[in-house]
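*Asks:* Attaching a single structure in structure tokens format; questions to follow.
Number of protein chains: 2
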Amino acid sequence: MIAEEYKKMLGQKSVIREIAEYGSERAKDIGYENVFDYSLGNPSVPVPQEFTTKLVELATSSEPGAIHGYSPSLGIESVREKVAQSLSRRFDMNYKKEHIFMASGAAGALAHALRAVTTKGDEVVTFAPFFPEYTPYVNKSGAILRVVPAKTDDFQINFAEFEKMVTPKVMAVLINTPNNPSGVVYSTETIKKLASFLQEKEREFGHEIFLISDEPYREIVFENVDAPFVAKYYPNTITCYSFSKSLSLAGERIGYIAVNPECKEAELIINMCGQISRGIGHNCPPSIIQLAVAEVIDMTADLSVYETNMTILYNELTNLGFTCAKPGGTFYMFPKALEEDAVAFCKRALKYDLLLVPADSFGCPGYFRMAYCIPTEKVKRSLVAFRKLAKDYQLECKS
Amino acid sequence: MIAEEYKKMLGQKSVIREIAEYGSERAKDIGYENVFDYSLGNPSVPVPQEFTTKLVELATSSEPGAIHGYSPSLGIESVREKVAQSLSRRFDMNYKKEHIFMASGAAGALAHALRAVTTKGDEVVTFAPFFPEYTPYVNKSGAILRVVPAKTDDFQINFAEFEKMVTPKVMAVLINTPNNPSGVVYSTETIKKLASFLQEKEREFGHEIFLISDEPYREIVFENVDAPFVAKYYPNTITCYSFSKSLSLAGERIGYIAVNPECKEAELIINMCGQISRGIGHNCPPSIIQLAVAEVIDMTADLSVYETNMTILYNELTNLGFTCAKPGGTFYMFPKALEEDAVAFCKRALKYDLLLVPADSFGCPGYFRMAYCIPTEKVKRSLVAFRKLAKDYQLECKS
Numbered sequence: 001m002i003a004e005e006y007k008k009m010l011g012q013k014s015v016i017r018e019i020a021e022y023g024s025e026r027a028k029d030i031g032y033e034n035v036f037d038y039s040l041g042n043p044s045v046p047v048p049q050e051f052t053t054k055l056v057e058l059a060t061s062s063e064p065g066a067i068h069g070y071s072p073s074l075g076i077e078s079v080r081e082k083v084a085q086s087l088s089r090r091f092d093m094n095y096k097k098e099h100i101f102m103a104s105g106a107a108g109a110l111a112h113a114l115r116a117v118t119t120k121g122d123e124v125v126t127f128a129p130f131f132p133e134y135t136p137y138v139n140k141s142g143a144i145l146r147v148v149p150a151k152t153d154d155f156q157i158n159f160a161e162f163e164k165m166v167t168p169k170v171m172a173v174l175i176n177t178p179n180n181p182s183g184v185v186y187s188t189e190t191i192k193k194l195a196s197f198l199q200e201k202e203r204e205f206g207h208e209i210f211l212i213s214d215e216p217y218r219e220i221v222f223e224n225v226d227a228p229f230v231a232k233y234y235p236n237t238i239t240c241y242s243f244s245k246s247l248s249l250a251g252e253r254i255g256y257i258a259v260n261p262e263c264k265e266a267e268l269i270i271n272m273c274g275q276i277s278r279g280i281g282h283n284c285p286p287s288i289i290q291l292a293v294a295e296v297i298d299m300t301a302d303l304s305v306y307e308t309n310m311t312i313l314y315n316e317l318t319n320l321g322f323t324c325a326k327p328g329g330t331f332y333m334f335p336k337a338l339e340e341d342a343v344a345f346c347k348r349a350l351k352y353d354l355l356l357v358p359a360d361s362f363g364c365p366g367y368f369r370m371a372y373c374i375p376t377e378k379v380k381r382s383l384v385a386f387r388k389l390a391k392d393y394q395l396e397c398k399s
Numbered sequence: 001m002i003a004e005e006y007k008k009m010l011g012q013k014s015v016i017r018e019i020a021e022y023g024s025e026r027a028k029d030i031g032y033e034n035v036f037d038y039s040l041g042n043p044s045v046p047v048p049q050e051f052t053t054k055l056v057e058l059a060t061s062s063e064p065g066a067i068h069g070y071s072p073s074l075g076i077e078s079v080r081e082k083v084a085q086s087l088s089r090r091f092d093m094n095y096k097k098e099h100i101f102m103a104s105g106a107a108g109a110l111a112h113a114l115r116a117v118t119t120k121g122d123e124v125v126t127f128a129p130f131f132p133e134y135t136p137y138v139n140k141s142g143a144i145l146r147v148v149p150a151k152t153d154d155f156q157i158n159f160a161e162f163e164k165m166v167t168p169k170v171m172a173v174l175i176n177t178p179n180n181p182s183g184v185v186y187s188t189e190t191i192k193k194l195a196s197f198l199q200e201k202e203r204e205f206g207h208e209i210f211l212i213s214d215e216p217y218r219e220i221v222f223e224n225v226d227a228p229f230v231a232k233y234y235p236n237t238i239t240c241y242s243f244s245k246s247l248s249l250a251g252e253r254i255g256y257i258a259v260n261p262e263c264k265e266a267e268l269i270i271n272m273c274g275q276i277s278r279g280i281g282h283n284c285p286p287s288i289i290q291l292a293v294a295e296v297i298d299m300t301a302d303l304s305v306y307e308t309n310m311t312i313l314y315n316e317l318t319n320l321g322f323t324c325a326k327p328g329g330t331f332y333m334f335p336k337a338l339e340e341d342a343v344a345f346c347k348r349a350l351k352y353d354l355l356l357v358p359a360d361s362f363g364c365p366g367y368f369r370m371a372y373c374i375p376t377e378k379v380k381r382s383l384v385a386f387r388k389l390a391k392d393y394q395l396e397c398k399s
């Protein structure tokens, strides 16, 4: 009488959770400042002061009904308008508010997008390494997730494998660039090749293949990195965005869907999102957060620390002999473990109070993820631990 | 390639929306203050000043990461603890934080509760008149909604009809007291009878039947009305609560699930809610709103205006010859239309700038809903319009 499918999910021990639990216990002994916690992707930089100022202005305004009342099911019109204008201005596109649906973060956006363009049994293709939550997002929408193996030299798209998997059952392709967990940004070349391949397949199959582009890390791109705006290259693009990382608002559940105005079904899809909401208990993202975000729509938190941390870690780890694609953005990097079994590797790292996440659940065994959204001074202090860990393996090789 | 089920939902013309659209157009001509809009259940009283003060304190605190960061998937622990303590204190119960899941309003709570205790094809029984959104909430969870016809003399439970419908396929019963749209509160006698009947059926069928109690109007109960706390009477109760109405925060999407500690599966159900979230794009209710609500957990907005409005309208309408069960709470009342076709009746009411909602979609044709969450002075000004409308029908009878 209890839904077994969810009960079963509870039984699956999460490696990430085990590591986090170990970290909490260890912190009690040696202090949290001495646990080098690279496990969680929680933004570490403060929200911009301007956001706080606007939030306070709204909270203390004379019309609390308007501030805290229901928003329309597609989002507050003025907010949708500001999102559309910002996207159009920044990426030279033609978004209007009719192309925007306000969502509860990228998770909410993906839940809506997947339900809009797939029905039961349809296939959705994504690329390893991928955010493990894609599995429940896709499966619980009724579709089936197919995963293209990773191209581990640069973590761009493995087209040879991809092409084999695109059958007429595929209704959507789900990408995440800049990527969690690899930190890699798909190049213009990759996106162009992907777009032209998908358009060819659309013609061949006689139906649309939607490109669902999950972009919570869009604003965290490092210097001189080629980071194309995906929708520019493919009409049937549904962009899923979150302000979680760009404004350090992960807990406030605010993001949006933007459907490329070039997509014939754009307005229909947006309106359908309002209907999809009715079944999943989403009414709207919090009203006051919608309004506050719209006031700082072109701002970001000071994200520079992420590139600083990346540079320190990338240099040190490659020096120590780790293989690692250089991140172009995000606050993740994705080195190869020093032994085949990344779970064993990450367990050994705990000896030096390094909390690393094995990438098996990201569809890429043998690698591990580091979330370096932690203070730079802590990153620096952690280097000794990495040296000790690497030395362990060198000694082992010699013996 | 577009999900037809949601596309179709778009095609269904909503009577409420038509009425609201008429109202907006009419407001342009005669001013919104002259349109007597009883169509929408948007709380009209301001949030308590204490809530605003706490919200501002949180927003300007020195730890923005802790305020705006991800909350755990079951909700912030300290918030769950405060909810549990408040419920236990107020209703003499034994809730602990392990029995509480923080949800995005009552809609989010219901979406989770339904998925936790039903699987595809199970039946959920509710009672007319009922909130129309129950249909997508239940159907999109995979279960099937069955509706017990209304007991129109007092809008308590129609047990004769209910008993016929409780087959072994029924895994949950969904009630809403105080009720939208009738305004009626289920009496202790009703709840006791319901509880004892369900316990008898649980024994007969050999499986639990969960009582999902949707309680967004719990704090809006009028003087001397018998308003029992449902869970007190039935162990397998899942209470779905929202702060939308009690604190006038409808847009901020904050509420909770509380599973009766007497329910054997209580903690399991709460933990499952964390898994259910993964498929529907809910991560948590907004962090800062969770924290702010917890600080004013035992407060409500000044809700007295709703009883004032109810009394004025109830007296006038019954004087004019309307049949109406006296509301015991909420900000709704539910009179019988003056002709059989409530849609035609509500259309005629528009002539006098009265926006009323025919109750066909609430499963109770021939009645109409009035949401009197509007200023009292406007309620008073609307009485002339009701008199004119009633007179229309009197003249018709005579002719």
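Chains A and B, in that order, are what the protein sequence lines are.
Residues 1 to 399 in the UniProt record's numbering are what the first sequence lists, from first letter to last.
Residues 1 to 399 in the UniProt record's numbering are what the second sequence lists, from first letter to last.
Every residue, glycine too, gets a C-beta built ideally from N, C-alpha and C.
All of these numbers come straight from a predicted model, not from anything done at the bench.
Tell me, please, which residues DSSP counts as bridged to residue 123 of chain B.
*Replies:* Position 123 of the second sequence, counted from the first residue, corresponds to residue 123 of chain B. In the DSSP output, where bridge partners are listed per residue, residue 123 of chain B has B:144, B:170.
*Asks:* Let's see if you can read the secondary structure: which residues bound the beta strand (DSSP E) around residue 241 of chain A?
*Replies:* As a working note, residue 241 of chain A is residue 241 in the first sequence. Looking at the DSSP string, the run of the beta strand (DSSP E) that includes residue 241 of chain A is 237-242.
*Asks:* Between the beta-carbon of residue 182 of chain A and the beta-carbon of residue 129 of chain A, is there less than 7 Å?
*Replies:* As a first step, residue 182 of chain A must be located in the first sequence, where it is residue number 182. As a first step, residue 129 of chain A must be located in the first sequence, where it is residue number 129. Their beta carbons are under 7 Å apart, which means residue 182 of chain A touches residue 129 of chain A by this criterion.
*Asks:* Per DSSP, which residues does residue 211 of chain B bridge with? Please list them.
*Replies:* In the second sequence, counting from the first residue as 1, residue 211 of chain B sits at position 211. In DSSP, residue 211 of chain B forms a bridge with B:173, B:237.
*Asks:* So, at 6 Å on beta carbons, what are the nonlocal neighbours of residue 364 of chain A in its own chain, with the 5 sequence-adjacent residues on each side left out?
*Replies:* Within the first sequence, the letter at position 364 stands for residue 364 of chain A. Taken in chain order, the residues that qualify are 128, 129, 150.
*Asks:* Taking C-beta to C-beta, are residue 233 of chain B and residue 192 of chain B nearer than 7 Å?
*Replies:* Position 233 of the second sequence, counting from 1, holds the residue named residue 233 of chain B. Position 192 of the second sequence, counting from 1, holds the residue named residue 192 of chain B. Closer than 7 Å, so yes.
*Asks:* Excluding sequence positions up to five away, which residues of its chain have a Cβ less than 6 Å from the Cβ of residue 346 of chain B?
*Replies:* By 1-based counting over the second sequence, the position of residue 346 of chain B is 346. Excluding residues within five positions, the ones whose Cβ falls inside 6 Å are 356, 358, 368.
*Asks:* Where residue 70 of chain A and residue 106 of chain B are concerned, what is the direct C-alpha to C-alpha distance, given to the nearest angstrom?
*Replies:* For the purposes of this step, residue 70 of chain A is taken as the residue at position 70 of the first sequence. For the purposes of this step, residue 106 of chain B is taken as the residue at position 106 of the second sequence. Taking the straight line joining both Cα atoms gives about 13 Å.
*Asks:* Report back the beta-carbon spacing between residue 165 of chain A and residue 125 of chain A to the nearest angstrom; my notes put them in contact at under 8 Å.
*Replies:* Reading the first sequence from its first residue, position 165 is the one you call residue 165 of chain A. Reading the first sequence from its first residue, position 125 is the one you call residue 125 of chain A. That pair is a contact at about 6 Å.
*Asks:* Can you tell me whether DSSP reads residue 218 of chain A as helix, strand or coil?
*Replies:* Translated into positions along the first sequence, residue 218 of chain A becomes position 218. Three-state DSSP puts residue 218 of chain A in coil, outside helix and strand.
*Asks:* According to DSSP, simplified to helix, strand and coil, what is residue 253 of chain A?
*Replies:* Position 253 of the first sequence holds residue 253 of chain A. Looking at residue 253 of chain A - three-state DSSP - the assignment turns out to be coil, as it is neither helix nor strand.
*Asks:* Once you ignore the five residues that flank residue 76 of chain A on each side, which residues in its own chain have a CB closer than 6 Å to its CB?
*Replies:* Translated into positions along the first sequence, residue 76 of chain A becomes position 76. Result list for residue 76 of chain A: 290, in chain order.
*Asks:* Considering only residues of the same chain and omitting the five flanking positions on each side of residue 115 of chain B, which have a CB-CB separation below 6 Å?
*Replies:* Here residue 115 of chain B corresponds to residue number 115 of the second sequence, with the count starting at 1. Same-chain partners within the cutoff: 141, 276.
*Asks:* Taking the CB atoms as reference points, tell me whether residue 202 of chain A and residue 235 of chain A lie closer together than 7 Å.
*Replies:* Within the first sequence, residue 202 of chain A is the residue found at index 202, counting from 1. Within the first sequence, residue 235 of chain A is the residue found at index 235, counting from 1. Their beta carbons are not under 7 Å apart, which means residue 202 of chain A does not touch residue 235 of chain A by this criterion.
*Asks:* Determine the direct distance from the alpha carbon of residue 348 of chain B to that of residue 392 of chain B, and round the result to whole angstroms.
*Replies:* Position 392 of the second sequence, counted from the first residue, corresponds to residue 392 of chain B. Position 348 of the second sequence, counted from the first residue, corresponds to residue 348 of chain B. Spanning the two alpha carbons is a distance of roughly 9 Å.
*Asks:* List the endpoints of the continuous alpha helix (DSSP H) containing residue 106 of chain A.
*Replies:* Sequence index remark: in the first sequence, residue 106 of chain A carries index 106 (1-based). Start and end: 105-117.
*Asks:* Give the secondary structure of residue 322 of chain B by DSSP, where H, G and I count as helix, E and B as strand, and everything else as coil.
*Replies:* Taking the first residue of the second sequence as 1, we reach residue 322 of chain B at position 322. DSSP places residue 322 of chain B in coil when its eight states are reduced to three.
*Asks:* From B:245, B:244, B:237, pick the residue whose C-alpha is nearest to that of residue 260 of chain B; which is it?
*Replies:* Taking the first residue of the second sequence as 1, we reach residue 260 of chain B at position 260. Closest option to residue 260 of chain B, Cα to Cα, is B:237.
*Asks:* Establish whether the CB of residue 49 of chain A and some CB of chain B are separated by less than 7 Å.
*Replies:* Here residue 49 of chain A refers to the residue found at position 49 when the first sequence is read from its first residue. Taking Cβ atoms only, chain B never reaches closer than 7 Å to residue 49 of chain A, which makes this a no.
*Asks:* Check distances from the C-beta atoms of the region 132-148 of chain A to those of chain B and list, in chain order, the residues that come in under 8 Å.
*Replies:* Listed by position along the chain: 133, 136, 137, 139, 140, 141.
*Asks:* Where do the ends of the beta strand (DSSP E) carrying residue 227 of chain B lie?
*Replies:* Your numbering for residue 227 of chain B matches position 227 in the second sequence. No beta strand (DSSP E) contains residue 227 of chain B, which DSSP labels as neither H nor E.
*Asks:* With 16 as the cutoff for other CB atoms within 10 Å, does residue 72 of chain B come out buried or exposed?
*Replies:* As a position in the second sequence, residue 72 of chain B is number 72, starting the count at 1. Classification of residue 72 of chain B: exposed, given that the 10 Å Cβ count is below 16.
*Asks:* From the DSSP output, in three-state form, read off residue 151 of chain B for me.
*Replies:* To locate residue 151 of chain B, count along the second sequence from 1; it is residue 151. Residue 151 of chain B falls in the coil class under three-state DSSP.
*Asks:* Apply the 10 Å Cβ neighbour rule to residue 282 of chain B and answer buried if 16 or more other Cβ atoms are within range, or exposed otherwise.
*Replies:* Locating residue 282 of chain B in the second sequence gives position 282, where the first residue counts as 1. So residue 282 of chain B ends up on the buried side.
*Asks:* Between the region 248-260 of chain B and the region 91-105 of chain B, do three or more beta carbon pairs fall short of 8 Å?
*Replies:* Enough Cβ pairs lie closer than 8 Å, so yes.
*Asks:* Would you please verify whether the beta carbon of residue 327 of chain A is less than 7 Å from any beta carbon of chain B?
*Replies:* Residue mapping note: residue 327 of chain A aligns to position 327 of the first sequence, counting from 1. By this cut-off, residue 327 of chain A is not an interface position.
*Asks:* What does DSSP give as the partner residues of residue 329 of chain A in its beta bridges?
*Replies:* Counting from 1 along the first sequence, the entry for residue 329 of chain A is found at position 329. Answer is A:221, bridged to residue 329 of chain A.
*Asks:* Taking the runs of the alpha helix (DSSP H) that are 4 residues or longer, which of them lie wholly in the region 338-363 of chain B?
*Replies:* You should have 342-349.
*Asks:* Name the one or two DSSP bridge partners that residue 259 of chain B has.
*Replies:* Counting from 1 along the second sequence, the entry for residue 259 of chain B is found at position 259. B:238, per the DSSP bridge assignment.
*Asks:* Could you spell out where the beta strand (DSSP E) holding residue 371 of chain B opens and where it closes?
*Replies:* Taking the second sequence and counting its residues from 1, the one referred to as residue 371 of chain B is at position 371. That run of the beta strand (DSSP E) goes 368-371.
*Asks:* Roughly how many angstroms lie between the CA atoms of residue 401 of chain A and residue 118 of chain A, to the nearest whole one?
*Replies:* With chain A running from 1 to 399 in the structure shown, residue 401 of chain A is simply not present.
*Asks:* With a threshold of 16 other CB atoms inside 10 Å of the CB of residue 255 of chain A, please say whether the residue is buried or exposed.
*Replies:* If you number the first sequence from 1, residue 255 of chain A lands on position 255. So residue 255 of chain A ends up on the buried side.
*Asks:* Report back the beta-carbon spacing between residue 101 of chain B and residue 58 of chain B to the nearest angstrom; my notes put them in contact at under 8 Å.
*Replies:* By 1-based counting over the second sequence, the position of residue 101 of chain B is 101. By 1-based counting over the second sequence, the position of residue 58 of chain B is 58. The pair is not a contact, with the Cβ atoms about 22 Å apart (cut-off 8 Å).
*Asks:* Indicate whether residue 313 of chain B and residue 372 of chain B have their beta-carbon atoms separated by less than 7 Å.
*Replies:* Position 313 of the second sequence holds residue 313 of chain B. Position 372 of the second sequence holds residue 372 of chain B. For residue 313 of chain B and residue 372 of chain B, yes; Cβs fall inside 7 Å.
*Asks:* For residue 132 of chain A, report the span of its alpha helix (DSSP H) as first-last.
*Replies:* Taking the first residue of the first sequence as position 1, residue 132 of chain A is located at position 132. First-last for residue 132 of chain A: undefined, no H or E at that position.
*Asks:* Nearest CA to the CA of residue 195 of chain A: which residue from A:382, A:231, A:323, A:81?
*Replies:* For the purposes of this step, residue 195 of chain A is identified with residue 195 of the first sequence, where counting begins at 1. Nearest C-alpha to residue 195 of chain A: A:231.
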